[in-house]
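**Q** One structure follows; several queries about it will come next.
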Amino acid sequence: MNPYIRLLTLGALFTAVSSCSKFLDVKPKGKLIPSEVADFDHLLDNSNIAQWVFLDNNSGCNLGYLTDNLYLSDGIGNVNYKGNNHPNIDRYWAYVFRQPYKNPATSDYFWDWGTYRSMAYFNNVIEGVRGIPQLSPEDQQYARRVIAQARVNRAWSYFITTLVYGPVYKPGTPNDTRTIPYVTSADVGAAMPDLSTQAQVFSQVANDVYAALPDVPEVTNWPSRPTKVAAQTLLAYYHLFTQRYDSVVYYANLAWTAASAGGTDKLIYDYNTFSWTDNTNVINSTIKAPDNFLSAANSREHIFYRNTDGGAGRSSISYPSPEVIALFDQQRDLRFKYFFLTAPGYKTVYNGVTYDDGNRIQYYRGSKTTMTAGFSYPELLLMRAEGYARTNQLAAAISDLNTLRKYRYLTGTPLLSGGTQDEVIQQVLDERRRELPLGGFKRFLDLKRLCLDAGKPWAKATVRHQLGNTFYEGRVDSRDFILTISNVILKFNPQWNIPLDGRPF
1 MNPYIRLLTL GALFTAVSSC SKFLDVKPKG KLIPSEVADF DHLLDNSNIA
51 QWVFLDNNSG CNLGYLTDNL YLSDGIGNVN YKGNNHPNID RYWAYVFRQP
101 YKNPATSDYF WDWGTYRSMA YFNNVIEGVR GIPQLSPEDQ QYARRVIAQA
151 RVNRAWSYFI TTLVYGPVYK PGTPNDTRTI PYVTSADVGA AMPDLSTQAQ
201 VFSQVANDVY AALPDVPEVT NWPSRPTKVA AQTLLAYYHL FTQRYDSVVY
251 YANLAWTAAS AGGTDKLIYD YNTFSWTDNT NVINSTIKAP DNFLSAANSR
301 EHIFYRNTDG GAGRSSISYP SPEVIALFDQ QRDLRFKYFF LTAPGYKTVY
351 NGVTYDDGNR IQYYRGSKTT MTAGFSYPEL LLMRAEGYAR TNQLAAAISD
401 LNTLRKYRYL TGTPLLSGGT QDEVIQQVLD ERRRELPLGG FKRFLDLKRL
451 CLDAGKPWAK ATVRHQLGNT FYEGRVDSRD FILTISNVIL KFNPQWNIPL
501 DGRPF
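This is the structure we're talking about:
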């Protein structure tokens with residue numbers, strides 16, 4: 001049976017194939033198969049690849065609600081989500097750490113619309129291009145570039161998926177928990193592979209990226225397609241989880257050095273140049289920036305674009321947590337000025353009780369800019385800074401921090417001057433948390449890797465949430481931070497020997 005039918009619900013598969021045809025006018029596999037390298041190349045421009053990575057049907061992500069970045073008031077949690085039976089009630093269940101977070105009897109958007117829908121494109125591109133006979137030398141070079149982009153795309157997606165559906169990856173241990181199937185075949189008759197262990201997924205991810213690296217192009221036509229800098233950034237990110245911090249420095253430095261050759265100003269917006277288009281109504285105002293791409297997928301700051309949860313942190317959905325708000329210098333950090341705005345919070349009457357949050361600080365970055373769940377140049381710089389700090393190259397780490405802060409803080413803000421190794425690592429991780437999206441999976445994955453630094457101030461064994469007068473705790477290194485595979489998929493794959501989830505939802 002077709003691997004993708006057994007990994008996607010039939011409706012999602014039909015939509016994936018038909019939307020491909022509408023978007024690119026490419027015939028679906030099984031009817032008239034694309035026969036030229038360019039035909040397969042166009043598949044990599046399909047919008048589904050970038051649109052639905054770990055997002056639900058309303059473009060939110062419950063993984064962010066497991067973290068310490070978000071806060072639910074009593075009204076938002078118990079009325080808007082639970083009382084009103086919100087269509088994305090899984091965000092509420094994640095916040096209170098009540099499993100299963102998603103209804104196990106229904107399709108999983110993360111799986112169906114995100115990872116495995118994308119794999120149908122990537123694997124068809126890889127096998128399709130390899131199957132074209134008698135290519136000219138010029139087309140052979142073109143083919144290698146296309147395959148390389150598909151392999152890096154595939155590696156990135158499988159890497160984050162094994163970390164979401166698997167436990168904390170622990171370097172130096174077997175990491176033998178089976179997590180996801182690493183599907184590489186586009187053959188409709190191929191047998192469905194067994195679940196790979198986390199160690200196997202990590203190995204295959206590395207193989208894909210290293211094999212692709214020589215042929216990944218320096219420039220692509222859109223940031224949803226990986227460049228060589230994106231591939232090197234992925235290797236740096238990969239090694240944050242393997243704790244090979246010398247390799248983090250090596251690949252982040254390769255990527256940053258190549259990208260910044262034309263000047264850092266071309267990679268990072270200087271927030272000192274920003275202004276409001278309407279100072280009298282900043283909530284609804286847009287930001288005037290040096291170019292017109294601040295709210296575009298091809299923003300100057302994006303290395304590798306994937307859509308992310310842009311609504312987290314705003315009234316009726318969630319608020320930024322008090323802990324996150326406290327991380328910001330409210331007078332000098334321009335991210336606070338432009339993105340953390342005070343506005344009326346959630347208000348309603350439910351069963352005769354009035355819920356009124358009053359004015360609350362809310363997070364507007366997702367409506368003022370376009371963020372990426374992939375990689376940005378600020379994140380790349382912070383990866384190099386973390387690698388430097390972890391390898392005790394403290395002056396270099398501080399230099400990278402000061403480079404980014406020049407673009408984010410009010411001109412004249414004193415430079416950072418250093419500290420002990422732990423203090424510098426903490427400064428890097430704090431800046432990383434300020435810079436990355438509030439919602440989505442980035443902080444979720446950071447919590448999982450950082451929990452291994454037991455005893456360090458940045459390592460959390462548990463995350464504690466408040467809802468009204470009740471507190472809930474989730475352990476990072478436990479099933480609290482692992483998503484489960486939907487029963488819809490398990491029923492098609494009994495050979496995995498995973499019992500169906502019979503817990504009430």
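The sequence shown begins at 1 in UniProt numbering and counts up by one. Cβ coordinates follow ideal geometry from the N, Cα and C atoms, glycine included.
For Lys448, I'd like the list of residues in its chain whose CB is within less than 7 Å of its CB, leaving aside the five on either flank, ordered along the chain.
**A** Leu163, Val168, Val476 and Phe481
**Q** Glu301 by DSSP, collapsed to three states: which one?
**A** coil
**Q** In the structure shown, what three-state DSSP assignment does Glu386 receive?
**A** helix
**Q** Based on DSSP bridge pairs, tell me the residues matched to His465.
**A** Tyr472
**Q** Quick check on Tyr210: buried or exposed, where buried means 16 or more other Cβ atoms within 10 Å of its Cβ?
**A** Around the beta-carbon of Tyr210, fewer than 16 other beta-carbon atoms lie within 10 Å, marking it exposed.
**Q** Return the chain-ordered list of same chain residues with a C-beta closer than 8 Å to the C-beta of residue 526, the five sequence neighbours on each side being excluded.
**A** This structure cannot settle anything about residue 526, because the visible part of the chain is limited to 1 through 505.
**Q** According to DSSP, is Asn57 helix, strand or coil?
**A** coil
**Q** Three or more C-beta pairs closer than 8 Å, one from the stretch 414 to 426 and one from the stretch 357 to 373: is that the case here?
**A** no
**Q** Suppose only complete runs of 4+ residues qualify. What are the alpha helix (DSSP H) ranges in the stretch 93 to 154, listed by chain order?
**A** Entirely contained in the stretch 93 to 154, the alpha helix (DSSP H) runs reaching 4 residues are, in chain order, 116 to 130.
**Q** Less than 6 Å between C-beta atoms, sequence neighbours within five positions excluded: which residues of the same chain meet that for Trp156?
**A** Leu234
**Q** Quick check on DSSP: helix, strand or coil for Phe241?
**A** helix
**Q** Should Val205 and Phe159 be called a contact, given that it needs their Cβ atoms to be closer than 8 Å?
**A** Yes, the Cβ-Cβ distance between Val205 and Phe159 is below 8 Å.
**Q** Below 8 Å on the Cβ atoms is my contact criterion, and I expect Val201 with Glu386 to pass it. Report the Cβ-Cβ distance as a whole number of Å.
**A** Actually they do not touch by this definition, with Cβ atoms about 23 Å apart.
**Q** My output table needs one value for Asn62: the three-state DSSP class, helix, strand or coil.
**A** helix
**Q** Specify, as a first and last residue, the run of the alpha helix (DSSP H) that Pro322 falls within.
**A** Pro322 to Ala326
**Q** For Tyr109 and Leu55, which I take to be in contact (beta-carbon distance under 8 Å), what is that distance rounded to the nearest angstrom?
**A** 7 Å
**Q** Can you find at least 3 beta carbon pairs, one from the stretch 66 to 85 and one from the stretch 434 to 442, that sit closer than 8 Å?
**A** Judged by Cβ distances under 8 Å, the stretch 66 to 85 makes contact with the stretch 434 to 442, as three or more pairs qualify.
**Q** Compare the C-alpha of Ala389 against each of Asn359, Leu401 and Gln421 and name the closest.
**A** Gln421
**Q** Should Trp256 go down as buried or exposed, given a rule of 16 or more other Cβ atoms within 10 Å for buried?
**A** buried
**Q** Identify the continuous alpha helix (DSSP H) that holds Leu450 and give its terminal residues.
**A** Lys442 to Leu450
**Q** Any idea which residues DSSP pairs Arg360 with across the strands?
**A** Ala343
**Q** Would Gly310 pass as a contact of Met383 if the rule is Cβ separation under 8 Å?
**A** For Gly310 and Met383, no; Cβs fall outside 8 Å.
**Q** Does the beta-carbon distance from Asn62 to Asp90 come in below 8 Å?
**A** Yes, they are a contact pair.
**Q** Using only the alpha-carbon positions, how far apart do Phe293 and Lys266 sit?
**A** Roughly 12 Å separates the two Cα atoms.
**Q** Compute the beta-carbon to beta-carbon distance between Asn487 and Pro104, rounded to the nearest angstrom, for a pair I have assumed lies under 8 Å.
**A** 5 Å
**Q** Where does the unbroken alpha helix (DSSP H) through Arg434 begin, and where does it stop?
**A** Gln421 to Glu435
**Q** Which whole-angstrom value describes the C-beta separation of Tyr271 and Leu334, a residue pair presumed to lie in contact below a C-beta threshold of 8 Å?
**A** 4 Å
**Q** So if DSSP puts Thr197 in a beta bridge, which residue, or which two residues, is it bridged to?
**A** Residue pairing by DSSP puts Thr197 in a beta bridge opposite Arg178.
**Q** Please identify the residue among Pro181, Ala259, Val183 and Tyr182 whose C-alpha is closest to the C-alpha of Val219.
**A** Ala259
**Q** Would you kindly check if the distance between the Cβ of Tyr346 and the Cβ of Ser376 is under 8 Å?
**A** no
**Q** Taking Ser295 and Thr369 to be in contact with their CB atoms under 8 Å, please state how far apart those CB atoms are, rounded to whole angstroms.
**A** 6 Å
**Q** Would you kindly report the start and end of the unbroken alpha helix (DSSP H) that includes Val37?
**A** Start and end: Val37 to Leu43.
**Q** Rounded C-beta distance between Val37 and Tyr142? I'm assuming under 8 Å.
**A** 5 Å
**Q** Where does Tyr169 sit, in a helix, a strand or coil, going by DSSP?
**A** coil
**Q** The alpha helix (DSSP H) spanning Thr215 covers which residue range?
**A** Note that residue 215 is Asp in the sequence shown, not Thr. Per DSSP, Asp215 belongs to no alpha helix (DSSP H) and is neither H nor E.
**Q** Using alpha carbons as the reference points, say which of Thr462, Tyr165 and Asn84 lies closest to Asn351.
**A** Measuring from the Cα of Asn351, the nearest candidate turns out to be Asn84.
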